[in-house]
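Enquirer:
Protein chains: 2
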Amino acid sequence: MKKVISDKVINRLTLYHSILTDYIDKNIEYISSPQIADLLHIDNTQVRKDIALLKYKGKCKVGYQVYDLKNLIEETLKFKTIKNAYIVGAGNLAMALAKYDNFEAYGFHISALFDNSYLKIGTIINGKKVYDIDRLPEMAERQDVKIAILTVPRQFAQEVTDFLVKSGIKYIWNFTPCVLNVPNFVQVWNENLIGNFLQFTVNHDIDN
Amino acid sequence: MKKVISDKVINRLTLYHSILTDYIDKNIEYISSPQIADLLHIDNTQVRKDIALLKYKGKCKVGYQVYDLKNLIEETLKFKTIKNAYIVGAGNLAMALAKYDNFEAYGFHISALFDNSYLKIGTIINGKKVYDIDRLPEMAERQDVKIAILTVPRQFAQEVTDFLVKSGIKYIWNFTPCVLNVPNFVQVWNENLIGNFLQFTVNHDIDN
DNA sequence: AAATTATTTTCAATAAGAGGAACGAATTTC
DNA sequence: GAAATTCGTTCCTCTTATTGAAAATAATTT
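Just so you know, the protein sequences line up as chains A and B, in that order. Each residue of the first sequence is one higher than the one before, starting from 1 at the first, in the working numbering. Each residue of the second sequence is one higher than the one before, starting from 1001 at the first, in the working numbering.
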């Protein structure tokens, strides 16, 4: 797998995108690299280099065209490509994610949720139905879904992961605080919620 | 601000920590760098180097002592230091976060939630009370809380942020898909949920 | 209208950092 | 005692970030 765009750049591009969205709301036509850089407290050369990766040319003394640049980022990051995904484990976090319509803006479509509790199976959250997890293998194959968002309690994480792997899931977005053991052909992204924020509290002195 | 430990290392350390927790549950006394590396699909030299940063010495041919290493990581990442935080905006995501007891393991304590809806003010979620957001400045000063977890709808993000800044909040864990404009003495961590996972879907070909 | 100024992009070069390979040293096992 | 495994470290490579001109263009001044 060759990385066309590095992780760090992708992350920054999503932030630029969010700024651009805001500028469009405000009907501003141009944005400059120093403007973006100031908002994010990063270096403006960084911004220009990231944008240069997209082969996009700005206008001297004016900056970049907001609308075009936003579209280009969406194209590069494939926001318009629909990525179907299942949520596995219909707990609190799953509910929040299922109700979080913002996913769609990035091309993620939650097709269904899965759980093993009879209290949850059959319920509908934000138009998305909760199915018995036993049905996942069949549905995943039929709907050709390869992404699972894992939100089960930690003690079931590995067990359910094994089940997902057998079901043909290829990408697991792991919200559990566990390191999952998977074969090489399955990719895991550990959404280390707390770990990310720690980067913050470790190096600063938070004295309460 | 000098970074004693880089972001990437911190992120990996949290993953090691999660593996170590698992090993303790299984009553295994020692763990080696290749074992950790295999689970995370990274290089074992990397693991050794990260651990070397902690000034921890392993035992040749045996590995590292699970219990000690886990404690050392917790100490380094300040898991035992209680970090009080408020959740601002009592929506779906806030509910999920408030119910997510795992935060405590990392030293994060949610002291209270805040909202402006009379439907939510006064309710109690997982033992944590929802207060009128007007009370935040006074409470933050009295309780000396400097961390806010922002989960309001995107259209109110900036407005509420300005309010938080005026209230003396110094660290904002931003779950909204907005880039917040803050003064230099306030730090924002953009928890770019989708952005993180995109790193995944952009460079792989997910064909559905 | 021409010249100047200020801002911004672009290109090039340097510096810093992270990841991976390799090797000696140590220790357990056979 | 020999073999195998693992740690710790050094070195090298590749990536990423920063710095420093130079070119371009809009706005301002003369």
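C-beta: ideal position from N, C-alpha, C; glycine also. Here the structure is a predicted model, which means the values were calculated and not measured.
1) Among B/I1172, B/H1041, B/Y1118, which has the Cα closest to the Cα of B/F1185?
2) If B/A1157 sits next to B/L1150, beta carbons under 8 Å apart, how far is it from one beta carbon to the other, in whole angstroms?
3) Which residue from A/T123, A/G127, A/I124, A/A112 puts its Cα closest to that of A/R135?
4) Quick one: which chain B residues come within Cβ less than 9 Å of A/Y171?
5) Please list, in chain order, the chain A residues whose beta carbon lies closer than 9 Å to that of B/V993.
6) If we ignore side chains and look at the alpha-carbon of each, how far apart do B/K1120 and B/F1114 end up?
7) In angstroms with no decimal places, state the Cα-to-Cα distance between A/Y131 and A/F79.
8) Can you pull the chain A residues whose beta carbon is under 7 Å from the beta carbon of B/V1152, in chain order?
9) Could you check whether the segment 1023–1031 of chain B touches the segment 1044–1055 of chain B, counting it as contact only if at least three pairs of C-beta atoms, one from each stretch, sit closer than 8 Å?
10) Could you pull out every residue in the same chain whose Cβ sits closer than 8 Å to the Cβ of B/I1010, ignoring the five residues on either side in sequence?
11) Would you mind sorting B/R1012 into buried or exposed? The rule is 16 or more other CB atoms within 10 Å of its CB.
12) Taking the C-alpha atoms as reference points, what is the distance between B/I1169 and B/V1188?
13) Within a Cβ cutoff of 8 Å, which residues of the same chain sit near A/F103, ignoring the five residues on either side of it in sequence?
14) Using the C-alpha atoms, what's the distance from B/S1033 back to B/L1053?
15) With DSSP collapsed to three states, give me the class of B/M1001.
16) Considering A/N258, what are the terminal residues of the alpha helix (DSSP H) in which it resides?
17) Whose Cβ in chain A lies nearer than 9 Å to the Cβ of B/V1160?
18) Do we get a CB-CB distance below 8 Å when we pair A/S18 with the residues of chain B?
19) Any Cβ of chain B within less than 8 Å of the Cβ of A/E141?
20) Excluding the 5 residues flanking B/K1061 on each side, which residues of the same chain have their C-beta closer than 7 Å to its C-beta?
21) Can you list, in chain order, the residues of its chain whose CB lies under 7 Å from that of B/A1094, leaving out five sequence neighbours each side?
22) Look at the alpha carbon of B/S1006 and the alpha carbon of A/Q199, and state the distance between them as a whole number of angstroms.
23) Mind checking which residues open and close the beta strand (DSSP E) that includes B/L1113?
24) Using 10 angstroms around the beta-carbon of B/G1127, count the other beta-carbons present and answer buried if the total reaches 16, otherwise exposed.
25) Would you say B/F1259 reaches chain A, if we count a Cβ-Cβ gap shorter than 8 Å as a contact?
26) According to DSSP, is A/V9 helix, strand or coil?
27) Look at the alpha carbon of B/S1167 and the alpha carbon of B/A1140, and state the distance between them as a whole number of angstroms.
28) Is A/T14 close to chain B, meaning its C-beta is less than 8 Å from at least one C-beta of that chain?
29) Residue range of the alpha helix (DSSP H) that B/A1090 falls in?
30) 8 Å is my cut-off, CB to CB: does A/E191 come that close to chain B?
31) Give the DSSP-derived three-state secondary structure of A/Y56 in the structure shown.
32) With DSSP as the reference, identify every bridge partner of A/N84, one or two as the case may be.
33) When the Cα atoms are used, what is the spatial distance from A/N181 to A/T161?
34) Tell me, please, whether the CB atom of B/I1042 is closer than 8 Å to any CB atom in chain A?
35) Answer yes or no: do A/N190 and B/L1015 have a C-beta to C-beta separation smaller than 8 Å?
36) Please classify A/G63: does DSSP put it in a helix, a strand, or coil?
Expert: According to the structure shown:
1) The residue with the shortest Cα to Cα distance from B/F1185 is B/I1172.
2) Approximately 7 Å separates the beta-carbon atoms of B/A1157 and B/L1150; this is inside 8 Å, confirming the contact.
3) The residue with the shortest Cα to Cα distance from A/R135 is A/A112.
4) Those are F1197, F1200, T1201, H1204, I1206, listed as they occur along chain B.
5) Since the displayed chain B opens at 1001 and closes at 1208, residue 993 of chain B lies outside it and no answer follows.
6) Answer to the nearest angstrom: the Cα atoms are 9 Å apart.
7) Each residue's Cα considered, the two are about 27 Å apart.
8) Chain A residues near B/V1152: none, gap ~13 Å exceeds 7 Å.
9) No: fewer than three Cβ pairs fall under 8 Å.
10) Same-chain partners within the cutoff: L1077.
11) The residue in question, B/R1012, is buried, as its Cβ has 16 or more Cβ neighbours within 10 Å.
12) A direct Cα-to-Cα measurement between B/I1169 and B/V1188 gives close to 11 Å.
13) Around A/F103, the same chain offers L97, H109, I110 as residues with beta carbons nearer than 8 Å, after the five sequence neighbours per side are excluded.
14) Using only the alpha carbons, I get a separation of about 14 Å.
15) Residue placement at B/M1001 is flagged as unreliable, the pLDDT there being 47, under the threshold of 50; the coordinate-derived value follows with that caveat. Coil at B/M1001, not helix or strand.
16) A query on residue 258 of chain A cannot be resolved here, the shown segment of chain A reaching from 1 to 208 and no further.
17) By Cβ distance, chain A contributes nothing, its closest Cβ being about 15 Å from B/V1160, past 9 Å.
18) The Cβ of A/S18 sits closer than 8 Å to at least one Cβ of chain B.
19) For A/E141, the answer is no, since every Cβ of chain B falls outside 8 Å of its Cβ.
20) Closer than 7 Å at the Cβ level, and outside the excluded window around B/K1061, lies no residue.
21) Here the set comprises I1087, L1113, T1151.
22) If I take the Cα positions, the gap works out to 8 Å.
23) Residues 1108–1115.
24) It is exposed - the Cβ of B/G1127 has fewer than 16 other Cβ atoms within 10 Å.
25) Outside the displayed range of chain B (1001 to 1208) lies residue 1259 of chain B, so it cannot be described from this structure.
26) When secondary structure is reduced to three states using DSSP, A/V9 falls in the helix class.
27) Cα-Cα distance, rounded: 7 Å.
28) Yes, contact with chain B.
29) Taken as a continuous stretch (DSSP letters only), B/A1090 belongs to no alpha helix (DSSP H), as it is neither H nor E.
30) So, interface residue.
31) Correct three-state label for A/Y56: coil.
32) DSSP, once it has assigned bridges, lists A/H109 as partnering A/N84.
33) Spanning the two alpha carbons is a distance of roughly 8 Å.
34) B/I1042 does not count as touching chain A.
35) The criterion of a C-beta distance shorter than 8 Å is satisfied by A/N190 and B/L1015.
36) Three-state DSSP puts A/G63 in a strand.
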